[in-house]
Amino acid sequence: MENNNKKILEVKDLKIQIKMDEGLLTPVRGVNFSVYENETLGLVGESGCGKSLTCKAILGINGKKAHASGNIDYYKDGEVMNLLNLKADGEKIRSIRGKQISMVFQEPMTSFSPLFTIGSQMTETIRLHITKDKKEARDIAIDMMKKVGISNAEKRFTQYPHEFSGGMLQRALIATSLVCHPRLLIADEPTTALDVTIQAQILELMQQLQKDYGMGILYVTHDLGTVAKICDRVIVMYLGKIVEMASVKDLFHNPIHPYTRGLIGSVHKIGGKKERLYSIDGTVPLAMNLSDICGFEDRCTYKCDACKGCEPELTEVSEGHFVACYRGGEFANGGQKNV
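Mapped onto my numbering, the consecutive letters of the sequence shown carry residue numbers 7 to 345.
Below, the structure written as structure tokens:
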């Protein structure tokens, strides 16, 4: 499945390790993927599977205890920069954060400083990357606040974070992330705190900006319905690794990895039969001192003897469809797929 758009970002063998008293925690264990212009790449998986840490590693904001290795290559004007090597170059990384790569965080309550108005925090980004003129920066910020559904934006511009509701603060955070028209938007559960009407409005705005500016989007979510609606390709993560990657159509019509099938089977289908939803047995193990076997083996109903050997590699089983499962080829060719 060839993508003819320009590559924005390529993550190669990304590992994140955290030394703890109990041992070595490895929440991200060799992740590989690319994001292209005009593409929305979905990233799904249970809480704790390493999605947010992967996203924060792109911007180098995971903290000192989290040691990242591998490559995160950013492509711009024929130049390739490994973002993991830019931490020491504050000026260079600041020229990329916010302007070229921007992120919408999960927690709006902690993303804004309580000491400054929303407007001053939005215009700080604008004046750093777009214009030094205060009035022009104010006008740009207010215009984007209106686009994300913030009513009476002129007044809201002068208010402090504590004067905003959670949903309104989330919209302000999204406005701040989009205001510089980044080449890559990392959206980590961006509409969780919003009602369905505003969710649809925000998603429509993101898609319109993508169309206007060729923006790539890395969309992190638990909502498979949203993934089906807006994503072009989907990555499924489990225990710090990618277990399946495919076009959105292939993933939903032909899920192969047992974990992916379990996720899709656990979603209620409107108009479907009234029956008990599928649930995956067990819980996600802690990513600490892991043995070299399939991380899903304990919870899998299709495990075989090979699953107790080395952890399976991500393998292409059909064009553009990759699976990390010893039985992936069998399932792809019409084997047992019911959950």
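Backbone N, C-alpha and C fix where the C-beta goes; we use that ideal spot for every residue, glycine too.
Span of the alpha helix (DSSP H), counted from its first residue to its last, around Ile299 | Reading the sequence shown from its first residue, position 293 is the one you call residue 299. Where Ile299 is concerned, there is no enclosing alpha helix (DSSP H), given that its DSSP letter is neither H nor E.
In chain order, each alpha helix (DSSP H) run of at least 4 residues that lies wholly inside the segment 112-177 = 114-117, 124-135, 140-153 and 159-162
What residue from Leu134, Val273 and Gly288 has the CA that sits closest to Val185's CA?
-> Position 179 of the sequence shown, counted from the start, is the residue given in the question as residue 185. It is Leu134.
With which residues is Ile223 paired in a DSSP beta bridge?
-> As a first step, residue 223 must be located in the sequence shown, where it is residue number 217. Answer is Thr46 and Leu191, bridged to Ile223.
For my contact list, Lys18 and Tyr81 are in at a C-beta cut-off of 8 angstroms; report their separation, rounded to the angstrom.
-> Taking the sequence shown and counting its residues from 1, the one referred to as residue 18 is at position 12. Taking the sequence shown and counting its residues from 1, the one referred to as residue 81 is at position 75. Rounded, the Cβ-Cβ distance is 13 angstroms, inconsistent with contact.
Flag this pair as yes or no: are the beta carbons of Arg239 and Met251 separated by less than 9 angstroms?
-> For the purposes of this step, residue 239 is taken as the residue at position 233 of the sequence shown. For the purposes of this step, residue 251 is taken as the residue at position 245 of the sequence shown. In contact: Arg239 and Met251 (Cβ atoms closer than 9 angstroms).
Per DSSP, the bridge partner or partners of His73 = In the sequence shown, counting from the first residue as 1, residue 73 sits at position 67. In DSSP, His73 forms a bridge with Gln23.
Give me whichever residues DSSP pairs with Leu30 in a beta bridge.
-> By one-based count along the sequence shown, residue 30 stands at place 24. Lys25.
Measuring CA to CA, which of Ser272, His259 and Ile286 is closest to Leu338?
-> Taking the sequence shown and counting its residues from 1, the one referred to as residue 338 is at position 332. Rather than Leu, the amino acid found at residue 338 in this sequence is Ala. Taking only the C-alpha atoms, the option nearest Ala338 is His259.
So, do the segment 96-109 and the segment 174-191 have three or more beta carbon pairs nearer to each other than 8 angstroms?
-> yes
Cutoff 7 angstroms; reference Leu305; Cβ partners in own chain excluding five residues on either side | To locate residue 305, count along the sequence shown from 1; it is residue 299. The residue you asked about is not Leu; residue 305 is Arg in the sequence shown. Hits under 7 angstroms: Ile286, Asp287 and Gly288.
Run through DSSP, which three-state label would Val185 get?
-> Position 179 of the sequence shown, counted from the start, is the residue given in the question as residue 185. Val185 falls in the coil class under three-state DSSP.
For the candidate residues Cys55, Asn11, Lys71 and Asn9, whose alpha-carbon lies nearest to that of Ile24?
-> As a first step, residue 24 must be located in the sequence shown, where it is residue number 18. Looking from the CA of Ile24, the closest CA among Cys55, Asn11, Lys71 and Asn9 belongs to Lys71.
With a 10 Å radius around its C-beta and 16 neighbouring C-beta atoms as the bar for buried, classify Leu15 as buried or exposed.
-> Within the sequence shown, the letter at position 9 stands for residue 15. Buried: at least 16 other Cβ atoms inside 10 Å.
Do you know offhand how far Val202's Cα is from Glu303's?
-> For this step, residue 202 is matched to residue 196 along the sequence shown. For this step, residue 303 is matched to residue 297 along the sequence shown. Approximately 37 angstroms between the Cα atoms of the pair.
Tell me, to the nearest whole angstrom, how far the beta carbon of Ser58 is from that of Val226; I am working on the premise that it is less than 8 angstroms.
-> As a working mapping, residue 58 is identified with position 52 in the sequence shown. As a working mapping, residue 226 is identified with position 220 in the sequence shown. Contact holds; Cβ gap of about 7 angstroms.
DSSP-derived helix/strand/coil call for Ser272 | Reading the sequence shown from its first residue, position 266 is the one you call residue 272. Coil, per DSSP.
So the beta strand (DSSP E) Ile236 belongs to, where does it begin and stop?
-> For the purposes of this step, residue 236 is taken as residue 230 along the sequence shown, with counting starting at 1. Taken as a continuous stretch (DSSP letters only), Ile236 belongs to no beta strand (DSSP E), being part of the alpha helix (DSSP H) at Leu230 to Ile236.
Can we say the segment 240-250 touches the segment 45-54, given the rule of at least three CB pairs closer than 8 angstroms?
-> The answer is yes - the segment 45-54 touches the segment 240-250, with three or more Cβ pairs under 8 angstroms.
Report yes if the CB atom of Gly335 is closer than 9 angstroms to the CB atom of Lys247, and no otherwise.
-> To locate residue 335, count along the sequence shown from 1; it is residue 329. To locate residue 247, count along the sequence shown from 1; it is residue 241. Cβ atoms of Gly335 and Lys247: not closer than 9 angstroms.
For Lys18, which of helix, strand or coil comes out of DSSP?
-> As a first step, residue 18 must be located in the sequence shown, where it is residue number 12. Looking at Lys18 - three-state DSSP - the assignment turns out to be strand.
Residues bridged to Arg35 [DSSP beta-bridge criterion] = Taking the first residue of the sequence shown as 1, we reach residue 35 at position 29. BP columns for Arg35 point to Lys21.
Close-in-space but distant-in-sequence residues of the same chain around Arg162 (CB under 7 angstroms, 5 per side omitted) = Position 156 of the sequence shown, counting from 1, holds the residue named residue 162. Counting only Cβ-Cβ distances below 7 angstroms, and skipping sequence neighbours, we find Ile124, Met151 and Ile156.
Met174 CB to nearest heavy atom of the ligand COA below 8 angstroms | Summarising the ligand content, the structure contains no ligands, and the ligand COA is consequently not present.
Can you give the Cα-Cα distance for Val345 and Cys55, rounded to whole angstroms?
-> Here residue 345 is taken as the residue at index 339 of the sequence shown, counted from 1. Here residue 55 is taken as the residue at index 49 of the sequence shown, counted from 1. Residue placement at Val345 is flagged as unreliable, the pLDDT there being 46, under the threshold of 50; the coordinate-derived value follows with that caveat. Using only the alpha carbons, I get a separation of about 21 angstroms.
For Thr6, which three-state DSSP category applies?
-> Examination of residue 6 is not possible in this model, given that the chain is present from 7 through 345 alone.
9 angstroms Cβ cutoff met for Asn88 and Tyr42 = The sequence position of residue 88 within the sequence shown is 82, counting from 1. The sequence position of residue 42 within the sequence shown is 36, counting from 1. No, these two residues do not count as a Cβ contact at 9 angstroms.
Rounded to whole angstroms, what's the CA-CA distance from Phe122 to Ala178? Just pull it up for me.
-> Counted from its first residue, the sequence shown places residue 122 at position 116. Counted from its first residue, the sequence shown places residue 178 at position 172. Distance between the alpha carbons of Phe122 and Ala178: 14 angstroms.
Beta carbon of Ile64 nearer than 9 angstroms to that of Leu224 | If you number the sequence shown from 1, residue 64 lands on position 58. If you number the sequence shown from 1, residue 224 lands on position 218. Result yes, Cβ atoms of Ile64 and Leu224 sit closer than 9 angstroms.
Three-way DSSP call (helix, strand, coil) for Val345 in this model = Your numbering for residue 345 matches position 339 in the sequence shown. In this predicted model, Val345 has a pLDDT of only 46, less than 50, meaning its place in the structure is not dependable; the value taken from the coordinates is given anyway. Coil.
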